[in-house]
Each structure stands twice: as structure tokens, then as C-alpha cells.
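K.L.:
Residue numbering for the sequence shown follows the UniProt record's numbering, starting at 1 and increasing by one per position. For every residue, glycine included, the Cβ atom is placed at its ideal position computed from N, Cα and C. Please read these numbers as outputs of a predicted model, since none were measured by experiment. Dropping the structure in here first, questions after.
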Amino acid sequence: MNELQALDAFASLSQETRLRIVRLLVMAGPDGMPAGAVGEAMGASSSKISFHLSHLERAGLIQSRREARSIIYSAVYPALSGLIEFLMKDCCQGRCDPAVDTCSETCEA
């Protein structure tokens with residue numbers, strides 16, 4: 001993930017409803033959830049949820065697919081992982097790999 005992609009992702013996540021939607025879709029797993037169920041869970045109108053889902057999809061954090069007459073949304077796990085990797089890639093000035101190390105142990109030395 002490059003800096004512009006990270007900025008787009010963070011801009012999308014900086015709004016409360018969108019952050020809650022991403023967390024909900026992460027919990028839903030790869031099967032995702034229908035748009036209507038996302039709206040119900042958020043307690044928001046379909047037009048409001050549609051706006052937020054579109055924003056998150058443009059940022060590459062979620063994806064949609066059609067199943068019969070429903071649109072199913074799911075988290076894009078590689079994009080979310082890429083965002084974390086972007087933040088952590090130079091952790092401890094490159095002395096540790098946060099994917100495998102506990103940084104506090106490595107960096108105290």
C-alpha cells in the first residue's frame with residue numbers, strides 16, 4: 001500500500017458509521033452481509049448506508065457482489081492488512097518485524 005492509498009483508507013475510516021461498518025463486515029467474515037442487514041445493524045436508512053458503503057468500496061476497504069436480488073458486502077482483508085502493514089513497516093527503525101516479533105522485546109536491546 002502506498003501513501004495515497006493509505007490516506008484514502010484513513011479518510012474513509014475517519015467517519016464513525018464507516019468505521020463501524022468495516023468492523024461489522026470484518027466480524028461477518030468472508031461471506032459478508034447483505035446491504036439491508038448492514039443498514040439494520042447500523043440503524044440507518046438505506047440511502048445513508050448506500051452512501052457509506054459506496055465510500056468504503058471506492059477506498060478499496062470493502063467489496064460488493066450480487067447474489068440473486070441482494071448485494072452482499074464483505075471486507076477486503078488484504079487491503080485492511082495492507083493498511084496495518086503500511087503503519088508498521090518501519091517499526092523500531094527496521095529492527096523488528098511486528099508480524100513475528102513483539103517489538104518491545106526486540107527494541108529494548
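1. Just to confirm, are Ile-21 and Ala-35 a CB contact at a threshold of 8 Å?
2. Would the beta-carbon of Leu-83 fall within 8 Å of that of Ala-37?
3. Whole angstroms are fine: how far does the CA of Asp-31 sit from the CA of Gln-63?
4. Cutting at 7 Å between CB atoms, please list the residues of its own chain near Asp-65, excluding the five before and the five after it.
5. In whole angstroms, give me the CA-to-CA distance for Val-26 and Gly-94.
6. If you run the structure through DSSP and keep just helix, strand and coil, what is residue 113?
7. Give, in chain order, every unbroken run of the alpha helix (DSSP H) that is at least 4 residues long and sits entirely within the UniProt domain "HTH arsR-type" (1-95).
8. Nearest CA to the CA of Met-33: which residue from Leu-53, Ser-45, Asp-90, Pro-78?
P.N.:
Per the coordinate set shown:
1. Position 21 of the sequence shown, counted from the first residue, corresponds to residue 21. Position 35 of the sequence shown, counted from the first residue, corresponds to residue 35. Not in contact: Ile-21 and Ala-35 (Cβ atoms no closer than 8 Å).
2. Your numbering for residue 83 matches position 83 in the sequence shown. Your numbering for residue 37 matches position 37 in the sequence shown. No, the Cβ-Cβ distance between Leu-83 and Ala-37 is not below 8 Å.
3. If you number the sequence shown from 1, residue 63 lands on position 63. If you number the sequence shown from 1, residue 31 lands on position 31. Between Gln-63 and Asp-31, the C-alpha separation is close to 11 Å.
4. Indexing the sequence shown from 1 puts residue 65 at position 65. In the sequence as presented, Asp is not what sits at residue 65; that position holds Arg. Closer than 7 Å at Cβ, skipping near neighbours: Ile-72.
5. One-based indexing of the sequence shown puts residue 26 at position 26. One-based indexing of the sequence shown puts residue 94 at position 94. Roughly 29 Å separates the two Cα atoms.
6. Lying outside 1 to 109, the shown extent of the chain, residue 113 is not represented and no answer is given.
7. 3-13, 16-28, 35-42, 46-58, 77-88
8. Here the question's residue 33 lines up with position 33 in the sequence shown. Checking every option, the nearest Cα to that of Met-33 belongs to Leu-53.
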